[in-house]
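Chains as they are written, first to last, in our numbering: chain H, 335 to 560; chain E, 335 to 560.
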DNA sequence: ACTCCGCTGATTGCTGACCGTCAATCATTT
DNA sequence: AAATGATTGACGGTCAGCAATCAGCGGAGT
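This is the structure:
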């Protein structure tokens, strides 16, 4: 008998679907930071009721993409350098734990998957497909966290990464030194595969630190340019 | 003229108030793990509409205290040893970061506050007021995180601590070695006040590890006893 | 006895209309 | 010009009701 995929997984609740739609727009940058969101307008566009939109917005607020000003308005979150600092410090802590755990229980299948993704990353950098690079980068970190088998960690990490993506889109930040980026990832994955938990944790943290310093340099540059 | 306190600070949105009420019951242990929650019943008891109850339950679900089974039921979350492990590992990572940051920017005012709380803790242990001990313990860790001045960290830490409390209530877990508990906290606070970030981070993590080992010993004991 | 099937009741998911409340803006008054 | 009052636009919450879904039960067939 052929393996059947669960039909149930396809069926998402309507408010989740609405949240997906809005989230998509925010992460694509179509809805800029600080943009006002009107419940009635969204309910018309998405063809759902106002209550459903409210539920979706509440979900997005919890994810940090949207802010609620009571009795007045919903708006897309603003991003400040302070937010970037929060995101990267928190991300470092979470990925440090994730890398440690992943190294502790990485099997041969996991190792193969990780290696394949590193190859993808390397070739994308080589071919200068820079949009793909960030996607693969995100996927690689997500894979590490998955291997940690830690449900709450995965959830929190997902939310943080969403906000990181959001911040990257709105600040126009792109990594500069791609060869260093590949090297860092390769080293991290190597530590995970070698099941060296201490090293994996250290590398995950230092990787984030190098990103945050590059980012702060970038915002500094933008500031002086204006 | 007498000083008037702001009325506004009292005014919480109705769905938040409803969530507070339900959360209280869950954390007090009045609603046991796995207990079913009926929307209509809650709306009658809380004297709010069903929509408001739904909003409150959705919040609690995001906090991890309640689970939603689509089209079927709401129920208080079940807790497993796996959950405990997740909570304590994640808590260790978050508090490690918190302690590091707190040590980096602890001022004399912060130091005074922390010392006062440690004194409270010490005397509560001495007087064997064990319910107070856990409360003060939670407050102490919360204070450290506050000093870190990291909004997202504080939020996540709050949610995790809520779940820790929930798990403690439902597993009947109490710390065993109170003198060691006081010593560990005193050492941690000392490191923060001395602004020794590395030491503070290490102590915060090891403190959590000692708790999780005590906890697993406890659940093991319960298992063999049954 | 066992399995499968469909029915039924119960509960959640979602909608639309409705009203009160609040914040912001504008007009009025002094 | 500043304080006061009125208007407006949007959110917060309620209600009645229908649709979608699921758990459980009992009957038909094997």
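C-beta: ideal position from N, C-alpha, C; glycine also.
The structure presented is a predicted model; accordingly, all values stated were derived computationally and were not measured.
Reference residue i, options the options, closest by Cα
i: residue 473 of chain H; options: H:483, H:351, H:447 and H:484; result: H:447
i: residue 499 of chain H; options: H:399, H:455 and H:528; result: H:399
i: residue 379 of chain H; options: H:522, H:526 and H:359; result: H:359
i: residue 366 of chain H; options: H:421, H:505 and H:426; result: H:505
i: residue 351 of chain E; options: E:468, E:450, E:381 and E:444; result: E:381
i: residue 397 of chain H; options: H:421, H:415, H:461 and H:416; result: H:421
i: residue 468 of chain E; options: E:417, E:438 and E:545; result: E:545
i: residue 513 of chain E; options: E:411, E:444, E:475 and E:464; result: E:464
i: residue 536 of chain H; options: H:430, H:349, H:414 and H:393; result: H:430
i: residue 528 of chain H; options: H:347, H:483, H:466 and H:442; result: H:442
i: residue 523 of chain H; options: H:501, H:502, H:503 and H:476; result: H:476
i: residue 346 of chain E; options: H:543, H:405, H:394 and H:417; result: H:405
Residues of its chain near residue i, where Cβ-Cβ distance is below 7 Å and the 5 sequence neighbours each way are ignored
i: residue 424 of chain H; result: 494
i: residue 510 of chain E; result: 548
i: residue 407 of chain E; result: 370
i: residue 516 of chain H; result: 455, 456 and 459
i: residue 526 of chain E; result: 433, 436, 437, 440, 448, 478 and 534
i: residue 444 of chain H; result: 481
i: residue 355 of chain H; result: 380
i: residue 451 of chain H; result: 470, 473, 474 and 477
i: residue 395 of chain E; result: 401 and 402
i: residue 353 of chain E; result: 390, 393 and 394
Where residue i falls, given that 16 or more other Cβ within 10 Å makes a residue buried
i: residue 388 of chain H; result: buried
i: residue 357 of chain H; result: buried
i: residue 364 of chain E; result: exposed
i: residue 453 of chain H; result: exposed
i: residue 485 of chain E; result: exposed
i: residue 375 of chain H; result: exposed
i: residue 411 of chain H; result: buried
i: residue 496 of chain H; result: buried
i: residue 461 of chain E; result: exposed
i: residue 348 of chain H; result: exposed
Within-9 Å CB hit, residue i to chain H
i: residue 492 of chain E; result: no
i: residue 420 of chain E; result: yes
i: residue 413 of chain E; result: no
i: residue 504 of chain E; result: no
i: residue 389 of chain E; result: yes
i: residue 448 of chain E; result: no
i: residue 404 of chain E; result: yes
i: residue 348 of chain E; result: no
i: residue 487 of chain E; result: yes
i: residue 468 of chain E; result: no
i: residue 423 of chain E; result: yes
Proximity test, Cβ basis, 9 Å: residue i and chain E
i: residue 529 of chain H; result: no
i: residue 458 of chain H; result: no
i: residue 396 of chain H; result: yes
i: residue 477 of chain H; result: no
i: residue 386 of chain H; result: no
i: residue 426 of chain H; result: yes
i: residue 501 of chain H; result: no
i: residue 484 of chain H; result: yes
i: residue 392 of chain H; result: yes
i: residue 431 of chain H; result: yes
i: residue 374 of chain H; result: no
i: residue 435 of chain H; result: yes
8 Å Cβ shell around residue i - same chain, five flanking residues per side excluded
i: residue 377 of chain H; result: 383, 384, 386 and 387
i: residue 409 of chain E; result: 368, 369, 370, 371, 400, 401 and 403
i: residue 373 of chain H; result: 384, 387, 388, 391 and 408
i: residue 521 of chain E; result: 537
i: residue 413 of chain H; result: 367, 500, 501, 504 and 505
Distance cut-off 8 Å: residue i Cβ against heavy atoms of the ligand FMN
i: residue 534 of chain H; result: The ligand FMN is absent from the structure shown, which contains no ligand whatsoever.
Same chain, Cβ closer than 6 Å to residue i, five either side skipped, listed in chain order
i: residue 479 of chain E; result: 432, 488 and 491
i: residue 552 of chain H; result: 507
i: residue 518 of chain E; result: 541
i: residue 419 of chain E; result: none
i: residue 539 of chain E; result: 426 and 430
i: residue 531 of chain H; result: 434, 437 and 438
i: residue 339 of chain H; result: The pLDDT assigned to residue 339 of chain H is 41, lower than 50, so where the model puts this residue is not dependable; a value taken from the coordinates is nonetheless given after this. Here the set comprises nothing.
Practice item. For the region 398-454 of chain H, list the alpha helix (DSSP H) runs that are entirely contained and at least 4 residues long, ordered along the chain. Key: Unbroken alpha helix (DSSP H) stretches of 4 residues or longer found wholly inside the region 398-454 of chain H: 415-438, given in chain order.
Practice item. Starting from the N-terminal side, write out each stretch of the alpha helix (DSSP H) that is 4 residues or longer and does not extend beyond the region 452-501 of chain E. Key: Counting whole runs of 4 or more residues, the region 452-501 of chain E contains the alpha helix (DSSP H) stretches 464-481.
Check your understanding: Where in the region 344-378 of chain E do unbroken runs of the alpha helix (DSSP H), each at least 4 residues long, occur, reported from the N-terminal end onward?
Key -> Taking only runs of at least 4 residues, the alpha helix (DSSP H) segments lying wholly in the region 344-378 of chain E are 348-362.
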